[in-house]
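A.B. asks:
Residue numbers (the working numbering): 127 to 477.
Take a look at the structure:
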């Protein structure tokens, strides 16, 4: 996590007395949408050099926002953003006809001769089975995260007409259930594996939010002021960064160590005098062994339930990670948090 913003709904920004009582600065009282705040965070993080990323991922609140998509593209970044099933697109190849000018009145606009507007859900029903590709996108705590993907070049609807050409990516479980859809501005020669990996990267930021809540109390506050909220969130981000640094340092010798394990060591074990270095390493080794047994058990169970998952290629996040050499030369992704993250008892939210 590299930045924070407090989202104030219009019921707040339109009430000066309420904003003054909460200590909201005057320059922050104008209403700004969550997509505007998110784009501002990305812009400032890039300007400060805090964000070495070439890609942005986010939920459908960002995927359905033309201004957000255009803003990310203007920064020279690629994105893979969620969009809903009813998101309307046109085929890449269209035929237009230009009516002859009649020497009077306005010039006539070109008319579409062929090509039909459809939702992504409707287009997905026509995809042949051989066009779906099985891809491993991550290593979860319960085994590999494996899905089937397909992609087509389409034109999203812009001002009720076909727009520019983008990637429409579709994802489903191995049994065909739970379809999801993404839109991407990646070049037309981008491998499907790369689009799948970036689209699946949102899972990591959602996991990070849950970790921050449990380890450093990201959502444990009852503030009523602007300064109080920012102080609490800042301290939480610092605490999370500290634990992450320890995890990375200790991970050089113990790659499977997790953030919850680091948290327990720092909070519970190090203050106890009876825990010397040998006892601490022994405890960590025991936890690692139990976690590995649980992981293998989950993998066996999943393999029994999904026979198609056996013999899959290695995860993309390993040595074959396609983002190690992405079009912008960076190796990380930036992910926009989910839009429904609530903040406090007041109707304000966090991006």
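By construction, the Cβ of each residue, glycine as well, lies at the ideal position given by its N, Cα and C atoms.
Here the structure is a predicted model, which means the values were calculated and not measured.
Closest by CA to residue 419, which one among 382, 391, 389?
C.D. replies: In the chain shown, residue 419 corresponds to position 293, counting from 1. Cα-wise, what sits closest to residue 419 is 382.
A.B. asks: Per DSSP, which residues does residue 208 bridge with? Please list them.
C.D. replies: The residue labelled residue 208 in the question sits at position 82 within the chain shown. Partner(s): 308.
A.B. asks: What are the boundary residues of the alpha helix (DSSP H) that includes residue 270?
C.D. replies: Your numbering for residue 270 matches position 144 in the chain shown. Residue 270 -> not in any alpha helix (DSSP H); beta strand (DSSP E) instead, spanning 269-284.
A.B. asks: Starting from residue 261, trace the alpha helix (DSSP H) in both directions and tell me its first and last residue.
C.D. replies: Residue mapping note: residue 261 aligns to position 135 of the chain shown, counting from 1. Premise fails: residue 261 lies in the beta strand (DSSP E), 259-266, not in any alpha helix (DSSP H).
A.B. asks: What is the rounded straight-line gap between the Cα of residue 192 and the Cα of residue 154?
C.D. replies: Indexing the chain shown from 1 puts residue 192 at position 66. Indexing the chain shown from 1 puts residue 154 at position 28. Each residue's alpha carbon lies about 24 Å from the other.
A.B. asks: Assess contact between the segment 294-303 and the segment 264-277, defined as three or more Cβ pairs (one per stretch) separated by less than 8 Å. Is contact present?
C.D. replies: Verdict: yes, contact present.
A.B. asks: For the segment 157-181, list the beta strand (DSSP E) runs that are entirely contained and at least 3 residues long, ordered along the chain.
C.D. replies: DSSP runs (the beta strand (DSSP E)) wholly in the segment 157-181: none.
A.B. asks: Taking 6 Å as the limit between beta carbons, can you name the residues of its chain near residue 127, skipping five residues before and five after?
C.D. replies: To locate residue 127, count along the chain shown from 1; it is residue 1. Taken in chain order, the residues that qualify are 363.
A.B. asks: What residues are listed by DSSP as bridge partners for residue 184?
C.D. replies: Reading the chain shown from its first residue, position 58 is the one you call residue 184. 207.
A.B. asks: Buried or exposed: which applies to residue 312, given that a residue is buried once 16 or more other Cβ atoms fall within 10 Å of its Cβ?
C.D. replies: Against the chain shown, residue 312 aligns to sequence position 186. Classification for residue 312: buried.
A.B. asks: Excluding sequence positions up to five away, which residues of its chain have a Cβ less than 7 Å from the Cβ of residue 389?
C.D. replies: Here the question's residue 389 lines up with position 263 in the chain shown. The residues are 341, 369.
A.B. asks: For residue 205 and residue 263, which I take to be in contact (beta-carbon distance under 8 Å), what is that distance rounded to the nearest angstrom?
C.D. replies: Mapped onto the chain shown, residue 205 falls at position 79. Mapped onto the chain shown, residue 263 falls at position 137. Not quite, the Cβ-Cβ distance comes to about 17 Å (not below 8 Å), so this is no contact.
A.B. asks: Taking only three categories from DSSP, how would you classify residue 192?
C.D. replies: Along the chain shown, read from residue 1 onward, the residue named residue 192 stands at position 66. Helix at residue 192.
A.B. asks: Determine, using beta carbons only, whether residue 183 and residue 328 come nearer to each other than 8 Å.
C.D. replies: Residue 183 sits at position 57 when you count from the first residue of the chain shown. Residue 328 sits at position 202 when you count from the first residue of the chain shown. Contact: yes.
A.B. asks: Between the beta-carbon of residue 202 and the beta-carbon of residue 309, is there less than 8 Å?
C.D. replies: Numbered from 1 along the chain shown, position 76 holds the residue referred to as residue 202. Numbered from 1 along the chain shown, position 183 holds the residue referred to as residue 309. Cβ atoms of residue 202 and residue 309: not closer than 8 Å.
A.B. asks: Smallest Cα separation from residue 413: which of 427, 200, 387, 393?
C.D. replies: Translated into the one-based positions of the chain shown, residue 413 becomes position 287. Comparing Cα-Cα distances from residue 413 to each of 427, 200, 387, 393, the minimum goes to 387.
A.B. asks: Can you name the start and end residues of the alpha helix (DSSP H) that residue 143 belongs to?
C.D. replies: On the chain shown, residue 143 is found 17 positions in, with the first residue counted as 1. That run of the alpha helix (DSSP H) goes 142-147.
A.B. asks: From this set, 298, 150, 246, 266, which residue's C-alpha is nearest residue 258's C-alpha?
C.D. replies: Locating residue 258 in the chain shown gives position 132, where the first residue counts as 1. Residue 298 is the option with its Cα nearest to residue 258.
A.B. asks: What residue range is occupied by the uninterrupted alpha helix (DSSP H) comprising residue 371?
C.D. replies: Working through the chain shown from its first residue, we reach residue 371 at position 245. Its alpha helix (DSSP H) spans residues 352-377.
A.B. asks: To which residues of the same chain is residue 351 closer than 6 Å at the C-beta, ignoring the five residues directly before and after it?
C.D. replies: Working through the chain shown from its first residue, we reach residue 351 at position 225. For residue 351, where only same-chain residues beyond five positions count, the Cβ hits under 6 Å are 148, 149.
A.B. asks: Taking residue 325 and residue 295 to be in contact with their CB atoms under 8 Å, please state how far apart those CB atoms are, rounded to whole angstroms.
C.D. replies: Here residue 325 is taken as the residue at index 199 of the chain shown, counted from 1. Here residue 295 is taken as the residue at index 169 of the chain shown, counted from 1. Sure, about 6 Å apart at Cβ, within 8 Å.
A.B. asks: Quick check: the Cα distance between residue 331 and residue 266, rounded to an integer number of angstroms?
C.D. replies: Residue mapping note: residue 331 aligns to position 205 of the chain shown, counting from 1. Residue mapping note: residue 266 aligns to position 140 of the chain shown, counting from 1. Going by the C-alpha atoms only, they are around 13 Å apart.
A.B. asks: Exposed or buried, what is residue 306 when buried is set at 16 or more other beta-carbons lying within 10 Å of its beta-carbon?
C.D. replies: Position 180 of the chain shown holds residue 306. Flag for residue 306 reads buried.
A.B. asks: Residue 132 by DSSP, collapsed to three states: which one?
C.D. replies: What you label residue 132 is simply residue 6 of the chain shown in a count that begins at 1. Residue 132: strand per DSSP, three-state reduction.
A.B. asks: I'd like to know whether the C-beta atoms of residue 138 and residue 144 end up nearer to each other than 8 Å.
C.D. replies: Taking the first residue of the chain shown as position 1, residue 138 is located at position 12. Taking the first residue of the chain shown as position 1, residue 144 is located at position 18. Contact: yes.
A.B. asks: Beta-carbon within less than 7 Å of residue 186's beta-carbon, same chain only, minus the 5 sequence neighbours each way: which residues are those?
C.D. replies: Counted from its first residue, the chain shown places residue 186 at position 60. Around residue 186: 208, 209, 210.
A.B. asks: Please look up how many angstroms separate the CB atoms of residue 522 and residue 215, rounded, as I've assumed it's under 8 Å.
C.D. replies: For the chain, the structure presents residues 127 to 477; residue 522 sits outside this window and is missing.
A.B. asks: Ends of the beta strand (DSSP E) at residue 296?
C.D. replies: Locating residue 296 in the chain shown gives position 170, counting from the first residue. 292-298 is the span of the beta strand (DSSP E), which, as asked, contains residue 296.
A.B. asks: Which residues share a DSSP beta bridge with residue 244?
C.D. replies: By one-based count along the chain shown, residue 244 stands at place 118. Answer is 215.
A.B. asks: Compute the Euclidean distance between the alpha carbons of residue 365 and residue 346, then round it to the nearest angstrom.
C.D. replies: In the chain shown, residue 365 corresponds to position 239, counting from 1. In the chain shown, residue 346 corresponds to position 220, counting from 1. Their Cα atoms are separated by approximately 14 Å.
A.B. asks: Do you know how far the Cα of residue 133 is from the Cα of residue 270?
C.D. replies: On the chain shown, residue 270 is found 144 positions in, with the first residue counted as 1. On the chain shown, residue 133 is found 7 positions in, with the first residue counted as 1. Using only the alpha carbons, I get a separation of about 35 Å.
A.B. asks: Compute the beta-carbon to beta-carbon distance between residue 410 and residue 361, rounded to the nearest angstrom, for a pair I have assumed lies under 8 Å.
C.D. replies: Reading the chain shown from its first residue, position 284 is the one you call residue 410. Reading the chain shown from its first residue, position 235 is the one you call residue 361. At roughly 27 Å, the Cβ-Cβ gap does not stay under 8 Å, so residue 410 and residue 361 are not in contact.
A.B. asks: For the putative contact between residue 194 and residue 165, defined by C-beta atoms under 8 Å, what is the C-beta separation to the nearest angstrom?
C.D. replies: As a first step, residue 194 must be located in the chain shown, where it is residue number 68. As a first step, residue 165 must be located in the chain shown, where it is residue number 39. Indeed they touch by this definition, with Cβ atoms about 6 Å apart.
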